[in-house]
Structures are given as C-alpha cells and as structure tokens.
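Offset between the sequence shown (1-based) and this note's numbering: plus 152.
Idealized CB from N, CA, C, for every residue including glycine.
Structure first, then comments.
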Amino acid sequence: MTPAGLSATRARRADQEKPGKFICGICGGDFTRRSNLDAHTRSHLGVRPYSCTECNGKFGTRSVLNRHKRALHPDRA
C-alpha cells in the first residue's frame, strides 16, 4: 500500500533504499544533502529567492531560474 502523500515511485524507492538523513518536517520527504532539503522546504513555503533580471520572474532554485532564462531569454542567457 502506498503511504499517504507519496507517489508510487517514491514509495518503491523508500522500500528499496535507506532514507536520507535530512527529513522534511512538513511532508516527511528525505534527502541526502542539506541543500536539497533547504530547496525542498522553500517549495513548501513559497520562498522564491532567485530573480530574473530580464522580466523579474521569481524562482525557488537557481537551476529553475537558469532553465527559465534559456527558454525565454536565450539571446541574453
């Protein structure tokens, strides 16, 4: 049976691997790196510290900001 709030894939992963040492206090997700937990926590809280200098769009992670720049502002990225 799938644990509440977890996808079937994540549930399979939880059965196959030992959990990470950094646990989300909101949803119980586990992470092997503190930085990944921090980015994940920002997604729960709606914190978006990375801004696009071209259009002022806000993003939760630097990688999503960079993907945005490549897709929407390719001549300036």
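Same chain only: Cβ atoms within 7 angstroms of residue i, ignoring 5 sequence neighbours per side
i, result
"H220", "C204, G209 and F211"
Candidates the options, of which the one nearest residue i by Cα
i, options, result
"S215", "D182, S187 and L197", "S187"
"H196", "H225, T213 and R228", "T213"
Assigned secondary structure, residue i (DSSP; H/G/I helix, E/B strand, else coil)
i, result
"K210", "strand"
"M153", "Per-residue confidence for M153 stands at a pLDDT of 45, beneath the threshold of 50, marking its modelled position as unreliable; no derived number is given."
Alpha-carbon spacing of residue i relative to residue j, whole angstroms
i, j, result
"L224", "D190", "26 angstroms"
"P226", "C207", "13 angstroms"
"G180", "P201", "23 angstroms"
"G177", "R228", "39 angstroms"
6 angstroms CB neighbourhood of residue i in its chain, flanking five on each side removed
i, result
"F174", "F183, R186 and L189"
"R194", "G212"
"G172", "D182, F183 and T184"
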